[in-house]
Amino acid sequence: MRTRYSPTSVARAQGLFNVLGGAWPLVSLRTFEWVYGKKRDIFLQKTVGGLLFSIGCVQLLSADSSAQVKTARQLGLATAATLLTVDLVYIPRGEMRWTYWQDALCEIGWIVAWMRAR
8 MRTRYSPTSV ARAQGLFNVL GGAWPLVSLR TFEWVYGKKR DIFLQKTVGG LLFSIGCVQL
68 LSADSSAQVK TARQLGLATA ATLLTVDLVY IPRGEMRWTY WQDALCEIGW IVAWMRAR
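In my numbering, the protein residues as written are 8 to 125.
Next comes the structure, spelled out in structure tokens:
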């Protein structure tokens, strides 16, 4: 039997995931780079962090209204698909550290969760 998830729960969970993940390089670039590797363009890390933080905030706010959960779903699927694509292209090329495979698995998880949400 396949587990079904509440769209509101998925929106809140992914929203929190994106807020925390987006805030990480903004709050502690040193620990972020310790896990994911040093980058040449720090402004890009902070830009992506800010975007993920903003996306997460929208998802969290959208989860409170059943009419807006559709927005949280669309945003969540688009974000997960984009990040997964980046992981699948750049990790094998050696342009991103192997630790990004963890992110790829998380993004697959969000896509599956949204597909199973009622």
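We treat Cβ as the ideally placed atom computed from N, Cα and C, and that holds for glycine. Just so we're clear, the structure is a prediction, and the values are computed from it rather than from any experiment.
If you check the CB distance, Gly83 and Ala18 come in under 8 angstroms. Phe24 and Asp110 have their C-alpha atoms roughly 11 angstroms apart. Straight across, the Cα-Cα distance linking Ala124 with Ser16 is about 9 angstroms. Burial of Phe39 is indicated by the presence of at least 16 other C-beta atoms within 10 angstroms of its C-beta. Boundaries of the alpha helix (DSSP H) around Gly116: 107-123. For Ala30, the enclosing alpha helix (DSSP H) starts and ends at 14-34. In the three-state reduction of the DSSP assignment, Ala70 falls in the coil class.
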